[in-house]
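Read through the structure below, which is laid out as structure tokens, and then see the notes.
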Amino acid sequence: MAGLRVVWLLFLIVAATLTVSVLQLFENSLEAVTALALFIPLLVGTGGNVGAQAATSAVRALAIGEVRPSDAMRVAWRESAVGLFLGLVLGALAFVAGWLVAGIPVAITVGVSVVLVCIWAATIGSLMPLMARALNIDPAVISAPLVTTLVDATGLVIYFVVAGVVLGI
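Per full-length UniProt numbering, the sequence shown runs over residues 1 to 169.
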């Protein structure tokens, strides 16, 4: 079991370099509005947590026979709605934090980004175990770590695209 885990973790550490590439791609945005950097841990942490929770719920549902890989669309819609709810609640709190630290434009950027990242993370988190099972890969071993890695990188893309629209950078 440890051998399989280390193989996946080696793959994931290489995949995590995608996050570095995303940050390099949006380096000019960070230089233009340095306050954006302050909220990166909040954004990737929230996305990772939401995605990992969704993945864990899906792994459990698979284990007890509640869902099958063929239920992917139903699961994705349900978790997207959960992600929207979580995103609205957490995004409101992130908005307040952004407002207190950096003002309204950054607050809007952070709040909207958290909503979108939560929807994305919940959806991807719920689908990853189903895809793993369909590919005969143990979903318990790979789902949460892969979701976290994927959501970190894609969540940053969402964040910087929203920043580009809201802040004009």
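Positions of the beta carbon are idealized from the N, C-alpha and C atoms, including for glycine.
Note that this is a predicted model, so its numbers are computed, not measured.
So, is Ser126 buried or exposed, given that buried needs 16 or more other C-beta atoms within 10 angstroms? Counting from 1 along the sequence shown, the entry for residue 126 is found at position 126. Classification for Ser126: buried.
Where Pro41 and Asn49 are concerned, what is the direct C-alpha to C-alpha distance, given to the nearest angstrom? Position 41 of the sequence shown holds residue 41. Position 49 of the sequence shown holds residue 49. Answer to the nearest angstrom: the Cα atoms are 12 Å apart.
With contact counted as at least three CB pairs below 8 Å, one residue from each stretch, are the region 136-150 and the region 100-119 in contact? no
Taking all protein chains shown into account, do 16 or more other C-beta atoms lie within 10 angstroms of the C-beta of Ile124, making it buried, or fewer, making it exposed? The residue you call residue 124 lines up with position 124 of the sequence shown. Classification of Ile124: buried, given that the 10 Å Cβ count is 16 or more.
Val151 and Ala121 - do their beta-carbons sit closer together than 8 Å? Within the sequence shown, residue 121 is the residue found at index 121, counting from 1. Within the sequence shown, residue 151 is the residue found at index 151, counting from 1. In this structure, Val151 lies closer than 8 Å to Ala121 by Cβ.
Which residue wins for smallest C-alpha separation from Ala16, given the options Val44, Ala61, Arg74 and Thr34? Reading the sequence shown from its first residue, position 16 is the one you call residue 16. For the residues Val44, Ala61, Arg74 and Thr34, the minimum Cα distance to Ala16 belongs to Val44.
Indicate whether the contact test is met: 3 or more Cβ pairs, each with one atom in the region 85-93 and one in the region 23-41, closer than 8 Å. no
Is it the case that the Cβ atoms of Ser29 and Ala163 are separated by a distance below 8 Å? Locating residue 29 in the sequence shown gives position 29, counting from the first residue. Locating residue 163 in the sequence shown gives position 163, counting from the first residue. Yes, the Cβ-Cβ distance between Ser29 and Ala163 is below 8 Å.
Quick one: Cα of Ile169 to Cα of Val161, how far? Here residue 169 is taken as the residue at index 169 of the sequence shown, counted from 1. Here residue 161 is taken as the residue at index 161 of the sequence shown, counted from 1. Distance between the alpha carbons of Ile169 and Val161 is about 9 Å.
Determine the DSSP secondary structure at Asn136, reduced to helix, strand or coil. In the sequence shown, counting from the first residue as 1, residue 136 sits at position 136. Asn136 falls in the coil class under three-state DSSP.
Confirm, please, whether the CB-CB distance from Ala54 to Glu79 is below 8 Å. Start at 1 with the first residue of the sequence shown, and residue 79 comes out as number 79. Start at 1 with the first residue of the sequence shown, and residue 54 comes out as number 54. Contact: yes.
8 Å Cβ cutoff met for Gly87 and Ile119: Here residue 87 is taken as the residue at index 87 of the sequence shown, counted from 1. Here residue 119 is taken as the residue at index 119 of the sequence shown, counted from 1. Cβ atoms of Gly87 and Ile119: closer than 8 Å.
With a 10 Å radius around its C-beta and 16 neighbouring C-beta atoms as the bar for buried, classify Ile158 as buried or exposed. Taking the first residue of the sequence shown as position 1, residue 158 is located at position 158. Ile158 should be labelled buried.
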